[in-house]
Amino acid sequence: MIRLSYPIAMEVAGNTAMWTRPDTGDCPVSYPAPTYSAVKAIFESILWGPAIEIVPTKVEICTPIRY
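Taking this note's numbering as reference, the numbering of the sequence shown is continuous, increasing by one, and the terminal residue is 592.
Below is the structure:
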């Protein structure tokens with residue numbers, strides 16, 4: 526089986542985002558950047574197929590994180 530690799534990139538922008546930690550219960554706490562599974566889910570919501578494997582390798586923060 527031939528495995529080909531295609532690099533793809535996406536910019537996600539918005540005023541606020543909630544990358545919730547699952548162990549925080551009813552008082553959610555957010556990570557400052559998306560988690561591995563969140564990045565993978567964002568790509569899979571757009572590009573999905575039985576022969577496609579999404580492997581996130583890097584997240585770049587384009588603007589300073591504000592709390």
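Don't be surprised by glycine CBs; every beta carbon is placed ideally from N, CA and C. What you are looking at is a predicted structure, and each value in this text was computed from that prediction instead of being measured.
Residue 532 sits away from residue 561, with the two beta carbons spaced by 8 Å or more.
Bounds of the alpha helix (DSSP H) holding residue 561 are 561 to 571. Distance from residue 586 to residue 535 at the Cβ level is roughly 14 Å; contact not present, criterion being Cβ atoms closer than 8 Å. In this structure residue 584 touches residue 558 by the C-beta definition: roughly 6 Å separates them, less than 8 Å. Beta-bridge pairing by DSSP links residue 545 to 555.
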